Structures are given as C-alpha cells and as structure tokens.
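Protein sequences appear in the order of chains V and A.
Under the working numbering, the first residue of the first sequence carries the number 199, and numbering increases by one thereafter.
Under the working numbering, the first residue of the second sequence carries the number -7, and numbering increases by one thereafter.
Even glycine gets a Cβ: it sits at the ideal position worked out from N, Cα and C.
Note that this is a predicted model, so its numbers are computed, not measured.
Each remark here refers to the structure printed beneath this line.
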Amino acid sequence: MSDGSVYRTTRREFIRSAGLATLGVAAGGLSLPSLARAAPKIALVGWTFRPDMVQAYIDMFNQKYAEDVDYSTLPWPTFHPTLEQRFFAGDIVDVMYCTHNNRQRWFERGMIRNLEDLEGFEEIKSAMLPAALSSLTSKDGKHVIALPYYSAYFIMMYNDPMLKQAGFEKPGAGWDEIIEQCVKLKKDGISEYPMLPNWNPTQTGTNPQFLSDCFAEGVALFDDANKLQADQDGVAHVMERWQKMYELELVTPEIFTQASSTDTHRMMFTGKYAFHSNHCNYLQDTATDEKQSQLAGKKARITPYPGKTGDTYAWTDSYVLNAKTEALDSAWKLMRFLGANLNSDWHVQKEWAISSGVQNPYPSFYEDPAVIASTDTWVDPEILKQQAAKGKVINAFKEAWYPEYDTKVVPIMHDMIRKKATVPDTIKAMTDLYSSLA
Amino acid sequence: MAEIAQRDRTRAPLRAGAKGSGGLARRFHLYANSQGGFATLLILPALTVIFAVVFFPLIYSIWLSFAEVDLLDTSGPSLDFLGVTLPLYKFVGLANYRELAGDPLYWDALWRTVYFVAAFVIEATVIGLAMALVLNTEFFGRPLLRAALLIPWSMSRVVVGLLWLGMLSSDFGALNAVMHRLGLIDGYIAFFKNGFSALNTLVLVYVWNQAPFATVLFLAGLQSIPKDLYAAAEVDGAGFWRKLWHVTLPSLRPMMFLVLVLSTVNGFLMLDLIFVMTFGGPGNDTTTVSWLGYRTAFSFFQFGPGTAILFTLTLMCVVLTVVYQRLILAKFQAE
Chain V
199 MSDGSVYRTT RREFIRSAGL ATLGVAAGGL SLPSLARAAP KIALVGWTFR
249 PDMVQAYIDM FNQKYAEDVD YSTLPWPTFH PTLEQRFFAG DIVDVMYCTH
299 NNRQRWFERG MIRNLEDLEG FEEIKSAMLP AALSSLTSKD GKHVIALPYY
349 SAYFIMMYND PMLKQAGFEK PGAGWDEIIE QCVKLKKDGI SEYPMLPNWN
399 PTQTGTNPQF LSDCFAEGVA LFDDANKLQA DQDGVAHVME RWQKMYELEL
449 VTPEIFTQAS STDTHRMMFT GKYAFHSNHC NYLQDTATDE KQSQLAGKKA
499 RITPYPGKTG DTYAWTDSYV LNAKTEALDS AWKLMRFLGA NLNSDWHVQK
549 EWAISSGVQN PYPSFYEDPA VIASTDTWVD PEILKQQAAK GKVINAFKEA
599 WYPEYDTKVV PIMHDMIRKK ATVPDTIKAM TDLYSSLA
Chain A
-7 MAEIAQRDRT RAPLRAGAKG SGGLARRFHL YANSQGGFAT LLILPALTVI
43 FAVVFFPLIY SIWLSFAEVD LLDTSGPSLD FLGVTLPLYK FVGLANYREL
93 AGDPLYWDAL WRTVYFVAAF VIEATVIGLA MALVLNTEFF GRPLLRAALL
143 IPWSMSRVVV GLLWLGMLSS DFGALNAVMH RLGLIDGYIA FFKNGFSALN
193 TLVLVYVWNQ APFATVLFLA GLQSIPKDLY AAAEVDGAGF WRKLWHVTLP
243 SLRPMMFLVL VLSTVNGFLM LDLIFVMTFG GPGNDTTTVS WLGYRTAFSF
293 FQFGPGTAIL FTLTLMCVVL TVVYQRLILA KFQAE
C-alpha cells in the first residue's frame, strides 16, 4: 500500500467497477417495470383467511380465463393501513379485500373506483339482497363501490347435549328464559360460565354484538342520518341485561381479552358453554370440526335470536377495485369471478358456503340444492335462512368518524358490563364520544 | 510531515481547477484520488444505507408528530425521490402534543406504563442477577442449563404470548389444570379478570421472556471479576452477602447500567404481548402508552397524534437513561 501507483490503480478499478455495477443495477431496475408492463399480472391482496382455498379459486380462474393473478395475503390487524400506504407509495393492487367500515374512506380518497359502468354489473345488482346492495353503496347512495366477499349476521348457537343434561329439551324462548336456564346450569355445576357472548375487544366483537342485541329488541342504535341514538329505553334495557349476566357470573371474565371473534368461537369448541352468539360464519366449524370442536356432530345448534323482534346485525365485507388499475378488464373479471357469478354457477360463493359455512347476499344461493344439502349436515338450513332475512344493516360505518367510534366505544362498554360505570353514565359517555367525533 | 505535504499537493490543483471548465469533475477526480476522499467513497454506501434506514425515518417521523397526517391526501407539498412521492402534510406545530396533554386516556395509560416498567425492570433485574449468580457456580449440568436459559429470550414474542395465553386460559390452561390437580385452587383462575391481575400477568410473562437476557449480561460481567477480589474478601472473613454487596455488585455496575437501560427501553416499548394477550383490555386496564400510540396510528389512522404519543416514550427512555448514567455509571467511573 506504500506504492502510490498500485494504490491508485486499485482505486480506479474500484471506482470503475462500482460505476459499472451501479449502471447495471439502474438498467436492470429500469428494464423490469417495462418487462412487467408487457405481460401485466392482476394483483390480488386479501387478509389471511383460508389462503389455500383462495389459491385454488385463483388457479381455476387463471386456467379457465387465461389470466395471470398474483395472489398474496396480509395479516388482518394491519391489512387496511398497509394497503393504504402501498397505494400512496404508488403500488397498484388491482383487487383488494376491504371491510365495510373502510370502503367509504377508500372511495372518498380516490383509492377505489365505482363499478356500475362495468360490464355485467346490472345483472349482479339485480341478483343481490337490497340491504347488502345498500351496504356496498357509497354514502351518498350514488355509486356501488364493491362486490361481496361474504355477508354475515349474528346468530344464537347453543350446546344441545348440555341443555339436555340440565333437563331442557330446547333453549328458552326469550332472554329471561335463557338466563334462567343459564342460572340453573351454573347452579347444577354443569357449566361454570354458560353464556358466551361475543364481547371480545376488537371491531368484530363487542360493538356488533351490542348492535345485534339492540336490533333484537327492536331498537336501532343509529338513525337514518347515521346519528347515534343511545338514549332509548331499549338500549338501556340491553345494557342492564348485560350487567345482570355478568353479575350473575354467567359469562367468563376472560371474554374481554380474547384476540378476535375467531378466538371467541373457539372457546365454544371446548363444550363448556351453553349459549354462544357470534358471526354466523363460525357455526359450521363448531358443529363439524371433529379435530377441534367438542360440539362436532351437530351438537351445536342454532335458535332464532332472542328478543322482541329477533333481528340481528348484518354486514357485508367485500372485494374492491383499485381506481388506478392498469388491467381494468381482467381485474373486473376477477372480481366478478370471486364476488358474483362469472362462472355461471356461483362457483366461489358456493365453495365458501360448502367448505366453510360462509354466507353471501345472493338469495338464490339459499335455494341451491348443493348448498342446502351441505348446510343440512351441520345446521337447520331453514332457521339459518330465517335469521338471514332478519339481518339488519347500519350505514353509520360509512361515516369518517365510525372506525374511531367503533374502537373507542369498546372499553366504555366493558366498563359498563363490569359495573365500573352505570348505565346512564355509559349512555352519556357513548353520546359524548359520538359528539366529539361526528 | 509527509501527510501534510501530501494534503498540500492535493489542495493546490484542487483550487486551480475550480475556476476552469470541468472544474467540478476535476475536483471530484482529485478528491476521489486522495486518501481521505477514497475512504469517504468506501464508507459512502454504508452511510447512505444508515441514513436511509435510520436517520431519515427518524427525522420524517418527528416531522409527522408535528403534522396533520392523512395518508390518502396527496394534494399538499411533497418530496419526490427516485419515483417515490413523500407527502409532507400540513404542519400543525405542537397541536398533537397539546391534544395529548389534555387527553385523560393518555395520562391513565402513562401511569399504567410507569407501573408496568417499574415492576418489569425490578423483577427482570433481580431474577436475572439471581440466575446469573447460580449459573456462575460450578454444578453438574450447568452448560445445558445455560443453553436452555436462552430459549425463552430467543422466542418470538408473538409465540410467547400465544404460548402463555394457552397455559393461562381458564378454559383449558395447563397452569390452571396443574394447580387444580394439586389441590391449590378450587376453580380455574381467570388471570385476565381485572386490570390489576391482567397487568401483572403481562409483567410476569414479559419477565419470563426477558430475564434470561439480563442473566446473560450479568453472567458476562461476573466472569470478568478477578477471583483475587473474592479471595481477599474471604481472608477478611466476608460471607456470601458481604461479598455480594462489597465485591460483586460494585464490579457489576457497567453491566447493571446496561441491563437497566435495555429493560427500561424494552418495558416502555412493549406492545406485542398486549396485542396478542389482552388487546389493551379489559376496558382500558392494560392500555399502555405504546398500545395507545399504536392504536391511534393504525386503528384510527391518526398518524400525527400516534407518532406524538410514541415520541413521548422516546423522551422518557432518554431521560431515564441519563438518570441511570448519573446514578450508576458516573459513580463507577469516578471510583
């Protein structure tokens, strides 16, 4: 290294090599997008639920329609923020899953596009339940902005052998009778915590459960203008019942820290609970999964949701189309395959229903012999159909303030259930929260 | 002298070439051929990477804490770099921090965090030190135990959370089952029943996960203490406690400082166990500042207030590090 000439030569070589390498990388980087543009793929990103099944649908779609779909998943908790950041960084995901309470936000900011000008849309629209169509429509009612991934509503499930063991032939007809049954089950030592409501702390837990119980009492928590109407007798009545159920120790205290609705429904697998309310999509697992569920073999059954009207909360999560997609025709074709009837036989929707018990908002689906035969193996299809018809939607989720309200109201409800706050104070806290956000 | 002469030779043509055409290229050429210039060129890629992955995100996130951030609003000013657009968002000064100061949820979360960190740091340090003292003595199976000790620490925290969630479950938890069979409890315990129990359960799980790391650090420190010191203490008639107090602990001060700083930072930033085990509940009873910041940013999409919340944690970590330095390390250096 003391010889200057050798040192200089090495340095020059290094600089030359580094320059060439940089040019090479730059050239490669420039050439890749142009190559990609020559044969565009359709990017589909979903949250991680049964990716094996989705991949099978994609394989079939690719084969039958000569398309090239690149399917990937993101974890549920960071799904929407991640896709927003990718969009803002210029990455175009052609087709994405989207929950109902993020759709409007994405639409307003130009991230997704409306669908009504696309081929075959009118046929899809006419096949769908009006309530679901309304749910998929923008807040101003002018644009349909998504196709259904699935529809769901709350159901009341019960542990048939446990009720029979306690001497009950069937579940109680209303809440009072059901609570009486739970008290007896606890007193007789048959179940330590007979009631398993979906009071988990996530967006799919406590608040939708509360909306369901309010609907079942004939009370709408949000009016037509999406304004919170917490100061109603029916709302207070539901809160008082929840406090009573908890005070009587009918509900496990660990319900407040369950990580998801999925974890909550898996508690029902243990066979230790008599009644469970949750999303209808979890019923099939509980009633048929012999590897995990103690209630497999149709020991888990459903009963019409208790309450004055028996209505429950329903919602539709969806597939949405990126507003900047460069492969509009192919992406729309994929959306119709996944969320409608491109294959003429409701292939994807039917497969979801048969293999996972996932419901959708197309009424003809409930008349399909294959779906009926499959449903009959795990539950009474007639009760399921009746409960589906009693699913009620809200439109408040289209408001910009809703996601924050939806999250912040959960601790308020949990404090109320545990009697850390009175019912009037809780109603005031909910109203104050709404007023601070809306 | 030779170096000075070399530098002068380099500077002279550099000044001369600055005025002529192609001056910049010539200056670069000369600079690149100087020893300092060549060294700079060599470390430039590393510096670029460090700037890109450490300093730039830090500066940008500080900026976000003073801004009103809307991820989907790209209408404002932005920076364009290599095809990536970086929105600068609307500067709102201290508004996010002021909002924070008036939020009772934040203050509740802060006191909860302080409790969590204090309990965690004390338990992890004491248990870590105790385990290190045991593992520093000769006994059969010591190498195996030392290796096994690292397992809890090397596990992903999400896995740790799921593992303990399963063990603590009041439905099917192994811990409940064992205690029940041993006749220690009548019915299964719900560990997440209320705030106090849930928060302390989180502390214990985190200690289980992190104490082995403290053990490893203390063990390294123990092995650097000269044996002569213990021999001299024994000659003076010192027993175990006096040796611990007068020889071991003073010698471990640098390691104690490291353990306390790392435990404090880890305690303040702990998020994953809450995510997996309690989701901040029941109610808000396990909502710490880090969870509040995460939820504000990623559930409410309020990245301005979210980063502001998390930067208050950074500030606390810095302040406590200085306090530890003054209390422990400075005294050691003085000695």
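- For the options A/R245, A/Y316, A/V150 and A/F108, the alpha carbon positioned closest to that of A/L214 is the one of A/R245.
- For the region 447 to 476 of chain V, the set of positions with a beta-carbon nearer than 7 Å to some beta-carbon of chain A reads T450, P451, E452, F454, T455, A457, M465, T468 and K470 in chain order.
- Note that the region 459 to 479 of chain V touches the region 348 to 356 of chain V; at least 3 beta-carbon pairs, one per stretch, sit closer than 8 Å.
- Residue-level contact check: A/F249 does not touch chain V, since none of the beta carbons of chain V fall below 8 Å from its beta carbon.
- For A/P79, the three-state secondary structure derived from DSSP is strand.
- Fewer than three Cβ pairs drawn from the region 579 to 595 of chain V and the region 368 to 384 of chain V lie within less than 8 Å of each other, which leaves the two stretches out of contact.
- The CB of A/M269 comes closer than 9 Å to the CB of T455 and A457 in chain V, given here in chain order.
- Under a criterion of Cβ atoms nearer than 9 Å, the residues of chain A adjacent to V/T400 are, in order, F271.
- DSSP places A/L137 in the uninterrupted alpha helix (DSSP H) bounded by R134 to S146.
- About 14 Å separates the Cβ atoms of V/A434 and V/I610, ruling out a contact at the 8 Å cut-off.
- Under a 10 Å Cβ-count criterion, V/S491 is classified as buried, with 16 or more other Cβ atoms of the shown protein chains found around its own Cβ.
- For the pair A/V281 and A/L305, the CB atoms are nearer than the 8 Å cut-off.
- Taking a contact as a CB-CB distance under 8 Å, the pair V/L532 and V/V546 does not count as one, their CB atoms being some 10 Å apart.
- Ranked by Cα distance from A/C309, the first of A/P242, A/D163, A/T256 and A/S291 is A/T256.
- Identification of chain V residues near A/K185 by a Cβ-Cβ cut-off of 8 Å yields P451 and E452, ordered along the chain.
- Listed in chain order, the positions of the region 591 to 615 of chain V with a beta carbon within less than 7 Å of a beta carbon of chain A are P601, E602, T605, P609, H612 and D613.
- The bridge partners DSSP lists for V/M294 are V/V243 and V/V518.
- Taking the Cα positions, A/T40 is about 14 Å away from A/A31.
- Distance from V/G244 to V/T271 at the Cβ level is roughly 5 Å; contact confirmed, criterion being Cβ atoms closer than 8 Å.
- Of all residues in the region 182 to 214 of chain A, only A182, F184, K185 and A190 place a beta-carbon less than 7 Å from a beta-carbon of chain V.
- Taking every protein chain shown into account, the CB of V/T335 has 16 or more other CB atoms within 10 angstroms, so this residue is buried.
- Spanning the alpha carbons of V/T501 and V/A350 requires a straight line of approximately 16 Å.
- Burial check for V/L327: the Cβ neighbour count within 10 Å reaches 16 or more, so the residue is buried.
- For V/H474, the enclosing beta strand (DSSP E) has its first and last residue at F473 to H477.
- Annotation: the continuous alpha helix (DSSP H) that includes A/M247 extends over R245 to L261.
- Residue environment analysis places A/V118 among the exposed positions, since fewer than 16 neighbouring C-beta atoms fall within 10 angstroms of its C-beta.
- Shown in chain order are the members of the region 386 to 397 of chain V whose Cβ falls below 8 Å from a Cβ of chain A: E390.
- Residue-level contact by beta carbon holds for V/T276 and chain A, with a gap shorter than 8 Å.
- The secondary-structure analysis by DSSP pairs V/G589 across a beta bridge with V/T510.
- Put simply, the region 235 to 254 of chain A does not touch the region 137 to 153 of chain A. Fewer than three CB pairs are less than 8 Å apart.
- Cβ contact annotation for A/F112 (same chain, cutoff 7 Å, sequence separation greater than five): V195, Y198, V199, S255 and G259, in chain order.
- Three or more Cβ pairs closer than 8 Å define a contact, and the region 174 to 181 of chain A falls short of that threshold against the region 286 to 297 of chain A.
- At a cut-off of 8 Å between beta-carbon atoms, V/P359 makes no contact with chain A.
- Three or more Cβ pairs closer than 8 Å define a contact, and the region 260 to 271 of chain A meets that threshold against the region 148 to 162 of chain A.
- Looking only at V/N520, V/L313 and V/S324, the smallest Cα-Cα distance to V/L345 is reached by V/L313.
- As a beta-bridge residue in DSSP terms, V/I500 pairs with V/M355.
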